[in-house]
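Under my numbering, read the sequence shown as residues 121 to 234, first letter to last.
Cβ atoms here follow ideal geometry from the backbone N, Cα and C, with glycine treated the same way.
These numbers were taken from a predicted model, which means no experiment stands behind them.
Read the structure below first, then the notes.
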Amino acid sequence: MFKEKIRQTMSQTFKLLWSFKWYVGLYLLYYIINIISLFDIPVADDKIFQAEATSRIWSYTNQEVYIGSLRLEIIILSLLFLLGTSNMRNHPLLAKIIFLSPWVYMIIFPGILF
121 MFKEKIRQTM SQTFKLLWSF KWYVGLYLLY YIINIISLFD IPVADDKIFQ AEATSRIWSY
181 TNQEVYIGSL RLEIIILSLL FLLGTSNMRN HPLLAKIIFL SPWVYMIIFP GILF
C-alpha cells in the first residue's frame, strides 16, 4: 500500500516535470553556466576589477566580492528553482515565468554574465 502510493506520487511528479522540460532545461542551463563561471575566476588584474571598466555594467572590487556575488546568485537561483517546482501544479504560468526569469534578466541587463 505505502510503496504503491510512493510509486504513484513519483510517477505523477515525473509527468509534471516532463511537461515543463524546456523551462526546467533552460533554467538548469543558466544554473550550470553560473557554476562554471564560479570555478573560472578571472585573474586579479583583470579589467572587471578596475574602477574605470566602463564597458561593463558591473565593476567588482576584487576577486572575493566577485566570488561572493556568484555564490549569492547560485543560492538565489536554487531557491527560485524550488519556488518554481512548488508552483508547477497549481500555478503553471507562474512557474514558467520563474523558470524563464534568469533569461529575461539577461535580456534586460546585457553583459552581466558574459
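Between which two residues does the alpha helix (DSSP H) containing residue i stretch?
i: N154; result: K141 to F159
i: R191; result: Q183 to S206
i: P212; result: P212 to I228
Can you tell me the Cα-Cα spacing of residue i and residue j, whole angstroms?
i: I195; j: I126; result: 29 Å
i: H211; j: T129; result: 19 Å
i: Y147; j: I153; result: 10 Å
I believe residue i touches residue j by the beta-carbon criterion, under 8 Å. Please report the beta-carbon distance rounded to the nearest angstrom.
i: F201; j: Y143; result: With a Cβ gap of about 11 Å, F201 and Y143 do not count as contacting.
i: L190; j: L158; result: 5 Å
Among the candidates the options, whose CA atom is the shortest distance from the CA of residue i?
i: L213; options: F140, F134, S131 and Q132; result: F140
i: P222; options: H211, P162 and Y150; result: Y150
i: A215; options: L203, M226, Y225 and I155; result: L203
Would you call the stretch 181 to 188 and the stretch 204 to 212 in contact, with 3 or more CB pairs under 8 Å?
No, because fewer than three Cβ pairs between the stretch 181 to 188 and the stretch 204 to 212 fall closer than 8 Å, the two stretches do not touch.
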